[in-house]
Every structure is written in structure tokens, then in C-alpha cells.
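2 protein chains.
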Amino acid sequence: MNADASTKRPGGRSARVRAAVHGAAVALVGERGADQVTLPAVAERAGVNSSTLYRRWGTLAALLADVARHRGDASAPPLVGDLRADLENQAVWTLAELSRPGGIAFFRAEVAPDVDERHDGLRECLHGVSERFRPVLDTARERGDAPPPPSLERVLDRIVAPLYFRVVFSIPGTDEAYVRALVAGLIGEAPLER
Amino acid sequence: MNADASTKRPGGRSARVRAAVHGAAVALVGERGADQVTLPAVAERAGVNSSTLYRRWGTLAALLADVARHRGDASAPPLVGDLRADLENQAVWTLAELSRPGGIAFFRAEVAPDVDERHDGLRECLHGVSERFRPVLDTARERGDAPPPPSLERVLDRIVAPLYFRVVFSIPGTDEAYVRALVAGLIGEAPLER
DNA sequence: GCGCTAAAGCGGTGATCTCTGCTTTAGTGC
DNA sequence: GCACTAAAGCAGAGATCACCGCTTTAGCGC
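Heads up: the sequence lines are chains P and U, in that order.
Just so we're aligned: 548 in my numbering is position 55 of the first sequence, and the numbers increase by one with no gaps anywhere.
Just so we're aligned: 610 in my numbering is position 117 of the second sequence, and the numbers increase by one with no gaps anywhere.
Dropping the structure here:
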């Protein structure tokens, strides 16, 4: 569970192993699905001894959760200062992240861990999503936008939830245009009725 | 894979075994979580030999998908002929079904099966949800309701998706009142702003 | 360079799972 | 009732996984 890159010895080897393992995990989950992946399999693909994985991560769920956490760090789009644009950007990025090979698999992994840790994984995942949208709404409110921005809860219901739902069920037509329609439906001047 | 109750010999014993296995699966998933359940464990709880499970279902995912399919058959609420009431009833029932112990676990099981069958499981699950709401909209349309009912896609986005999302992330306050607010937000005369 | 030590590698062990050939039980049609 | 056979039970083999003591490697501070 402690898998901070910055714990004790972040130098060469640990970091290399970490990177190799993360890469192998992403690859395997992408091509087999999270259910068909085991720690030994990841270890072999990464060219690393499996005992290392058991020591550093303990369980597959913990490893996948770790991967998910550090996935797409520092790639989130910046705020531009316009509510509609920012909502669209964050939503499009969220959609893209979910749609990446194994995207939902990692989402599921974070949701899935053993019953004890399940709640933590869930909270963390939801927190991550929320924190991507909260600044958007906060700055809009501080800016004093004409119609005050919707609540975070509403954004989750009207934008994030449909995205997750549609990606999980791979409903066709879930693209950028659809995201824009969702945003438009939420903050008014809905152009196209879907 | 083929697990129709009505294949070759639906008589006494097969049906009993089937029921025992389904019950054991529900119990175990409910108390341990789907990840901690194995076919031998289900077999033992059901008082059935594990080879039977391997022969009839093959994999845990297939078993759970089978259970999910036959879960809550014939318990869905009837149509009363009023769009709002019917939407609310179906949505409340869906929420209740998802919230049952292991509810999301079974949802996930249907979503999860090995990559080959994943698409089938997904399609079937989505189809099941859709078919609960489609009649509601169809009858409303045939009835010639004043504002025509929303599209099925819209119902999925605005009602079903938030429910799934909130149950998966166990967001508090996801109850009957919330469902009514969702419906109200969709078909107009939204009473309470959330 | 040189020790120090965190972390990775190696090998092995017990437990569990998955699957299969054969036997036995018990519905179903006559 | 009685034969027929689908389906369940039994037992065991092979594979894999989870885990752990010990050894070896290689960053890091001096």
C-alpha cells in the first residue's frame, strides 16, 4: 500500500523496476482484461522477480490502484477561465482517460479492491474526479458569473455519470460532440436536442 | 455459457443444484465481495461438488453473470399508465436492485467477464436496463402525452447513469427522494433544485 | 573509492484452483 | 415399474499462485 515513488530510495533501480512493472500492468490489463492478470504474469512481462511485486504491492488490486493513481498525472488540461470551455475540457479529458486501453479496467480496479480497502479506493477515485471539476466551478463562482455555476453534485450527475456509464457499456457516439451537448444541456442554451 | 434452466433435464435435481448454487453465490458475494469468491467456495457453501460448477458454468464470471441475469426476475413493478409515476417506479426499483447486498458486485460481474464474452455481457446488461424503461416511454408516446416523452437515451443519461454512478461510489443521499428529483428534473416541473 | 543498507533476485513450500476420467445417482419416456 | 441417459459425485493430477527465508545487487553518504 505504501508505494510512493519518493519513499526511501527513489534512485535508479527502484524507479526502473517501478516503471517496468507499471508498463507491464498497463499492457496486460489492456490486452487481457484485469481479471486475467496475476502478479506473476506482470512480473514476467516486466522482467522482474515476482517476489518483488508481492513485497512492494502485496496484491494485484493494490498494484492496479497504484497504477491508476499515477496514470495521466500532470496531463490534465489547464483552466482557461470560461465555464463552458473549462467544463468541456475537463469532461473531454476525463472521457479520453477513460477510453484509453484498459481505462475502465483501471477504474474498476480502483473500485474493486478487497472489501476492506474498497471504500478507500472508491473515495480516492471519486475524489480525483471531483477535484478536477471543483476548481472550474469555484473560479466561476469567484468570477461572479452571471448565472452562478451548477453545484459539483449536479456536474457529477449530469456530465461525469453519463460518461462513465457510456464508456462502461461502450455506447456508441460517446465523443467530443456528445460531451459538448452534455455541457450545453447543463449550463443552458442547449443547441441540439438529443 | 449455456445455462438455460430449460435445456435438457429441468427436473428436480438440476433445479435444486442450480438454486443452491445461485443462493450460495449471492450469499458469498454479499459477504466477501466478488473478488474473494471462487468456484470451490461456492460449491462448498452450496453443498455441491465443485466439478459440477466447472462443468455447468466453467468460470466464476459466467456463474455470476448467470445469477445476475436471473436476479429479480418477475419482481419488476407493473406499469400504471402515468409517465412520471412509471419512470419513478422503474428507477426506484433499479436503485433497490443495485443497492441489494452484492448488487453492484453482480453488475460488475456482468460487465467484467473475460474479454471474449465481455461484449455479450455488456450488451445483455444494458439491454435489460433499457427494456425496463422502453415500455414506459412507448406507452406514453402511444397515449399521446402532451409533451412527448424523452428518448430512451435521455433517460439512460439523466436517470440510470446517475444511479449507477452513485451506487458504485456509494454517494450518500441516493434514495427514493433523489430518484424523484431526477425524474422531475428530466420531465419538467422540477420542484426542488438540487 | 568504500562501507552501509534498502531493495531486488533466487529458490522452495504449502495451499488452492482448474480440469478430467470414471462411477453413481436420479429424472424421463416407455 | 423399467430401461435409458443426462447430470452430479468422487478422486486425483497438474498447474499456478501466494508467500517467505536467504543471498546478492546497487544506490547513497562519507
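Every residue gets a Cβ at the ideal spot worked out from N, C-alpha and C, and that includes glycine.
Query                                                                                                                                                                                                            : Result
How should aspartate 528 of chain U be labelled, buried or exposed, when 16 other C-beta atoms within 10 angstroms of its C-beta is the threshold for buried?                                                    : buried
Return the residues of the segment 638-660 of chain U that lie within a Cβ-Cβ distance of less than 8 Å from chain P, sorted by chain order.                                                                     : Ser644, Glu646, Arg647, Leu649, Asp650, Arg651, Val653, Ala654, Pro655, Tyr657, Phe658 and Arg659
Is alanine 639 of chain U near the ligand NAP, in the sense that its beta carbon is under 6 Å from a heavy atom of that ligand?                                                                                  : As for the ligand NAP, it is missing from this structure, which has no ligand bound.
Got a sec: which bits of the segment 503-532 of chain P sit with their beta carbon under 9 Å from any beta carbon on chain U, in order along the chain?                                                          : Glu524, Arg525, Gly526, Ala527, Asp528 and Gln529
Report all residues from its chain with a CB closer than 8 Å to the CB of proline 643 of chain U; omit the five preceding and five following residues, and keep chain order.                                     : Leu630, Arg651, Leu679 and Ile680
In this structure, does DSSP put arginine 564 of chain U in helix, strand or coil?                                                                                                                               : coil
Note down, in chain order, each residue of its chain lying with its Cβ closer than 7 Å to the Cβ of arginine 673 of chain U, except the 5 sequence neighbours on either side.                                    : Glu581
Can you tell me which of U:Tyr671, U:Tyr657, U:Leu532 and U:Glu537 puts its alpha carbon nearest to the alpha carbon of cysteine 618 of chain U?                                                                 : U:Tyr657
Check this for me: beta carbons of valine 535 of chain P and alanine 517 of chain P, under 7 Å apart or not?                                                                                                     : yes
For arginine 548 of chain P versus leucine 521 of chain P, is the C-beta distance shorter than 7 Å?                                                                                                              : no
Cα separation between valine 622 of chain P and alanine 555 of chain P?                                                                                                                                          : 19 Å
For leucine 572 of chain P, which of helix, strand or coil comes out of DSSP?                                                                                                                                    : coil
Does any residue of chain P bring its CB to less than 7 Å from the CB of leucine 588 of chain U?                                                                                                                 : no
Residues of chain U with CB under 8 Å from leucine 619 of chain P, in chain order?                                                                                                                               : Phe662 and Ile664
With a threshold of 16 other CB atoms inside 10 Å of the CB of proline 641 of chain P, please say whether the residue is buried or exposed.                                                                      : exposed
Against chain P, which members of the segment 554-587 of chain U pass a CB distance test of less than 9 Å?                                                                                                       : Ala554
Could you check how far apart the C-beta atoms of aspartate 579 of chain U and valine 573 of chain U are, in whole angstroms? I think they sit under 8 Å.                                                        : 6 Å
If we count the other Cβ atoms within 10 Å of its Cβ and call it buried at 16 or more, is aspartate 559 of chain P buried or exposed?                                                                            : buried
Provide the residue span of the alpha helix (DSSP H) that contains serine 663 of chain U, from first to last.                                                                                                    : Careful: serine 663 of chain U lies outside any alpha helix (DSSP H) and carries neither H nor E.
Report yes if the C-beta distance between valine 661 of chain P and phenylalanine 626 of chain P is below 7 Å; otherwise report no.                                                                              : no
Assign glutamate 655 of chain P to buried or exposed, taking buried as 16 or more other Cβ atoms, counted over all protein chains shown, within 10 Å of its Cβ.                                                  : Note on identity: in this sequence residue 655 of chain P is proline, with glutamate being the wrong assignment. Per the 10 Å Cβ criterion, buried.
Compute the beta-carbon to beta-carbon distance between glycine 666 of chain U and proline 594 of chain U, rounded to the nearest angstrom, for a pair I have assumed lies under 8 Å.                            : No, glycine 666 of chain U and proline 594 of chain U are not in contact; Cβ-Cβ is about 20 Å, not under 8 Å.
What residue range is occupied by the uninterrupted alpha helix (DSSP H) comprising leucine 649 of chain U?                                                                                                      : From DSSP, leucine 649 of chain U is part of no alpha helix (DSSP H); its letter is neither H nor E.
Less than 7 Å between the C-beta atoms of alanine 633 of chain P and leucine 576 of chain P, yes or no?                                                                                                          : yes
Identify which residue in P:Glu646, P:Ser663, P:Thr545 and P:Gly540 has its Cα closest to the Cα of arginine 659 of chain U.                                                                                     : P:Glu646
Please go through the same chain and pick out, in chain order, the residues whose beta-carbon is closer than 8 Å to the beta-carbon of glutamine 583 of chain U, but skip the five residues on each side of it.  : Ala569, Pro570, Arg625, Phe626 and Val629
Starting from the C-beta of threonine 531 of chain U, find all residues in its chain whose C-beta is less than 7 Å away, skip the five residues before and the five after it, and write them out in chain order. : Leu553
Cα separation between alanine 513 of chain P and arginine 506 of chain P?                                                                                                                                        : 10 Å
How far does the alpha helix (DSSP H) with alanine 536 of chain P in it extend, from its first residue to its last?                                                                                              : 532-539
In the structure shown, what three-state DSSP assignment does threonine 587 of chain P receive?                                                                                                                  : helix
Once the 5 residues before and after tyrosine 671 of chain P are set aside, which same chain residues still bring their CB inside 7 Å of it?                                                                     : none
Under a Cβ-count criterion, where at least 16 other Cβ atoms within 10 Å of its own Cβ denotes burial, should arginine 616 of chain U be classed as buried or exposed?                                           : exposed
If you follow the alpha helix (DSSP H) that threonine 552 of chain P is part of, which residue opens it and which one closes it?                                                                                 : From DSSP, threonine 552 of chain P is part of no alpha helix (DSSP H); its letter is neither H nor E.
For arginine 593 of chain U, which of helix, strand or coil comes out of DSSP?                                                                                                                                   : coil
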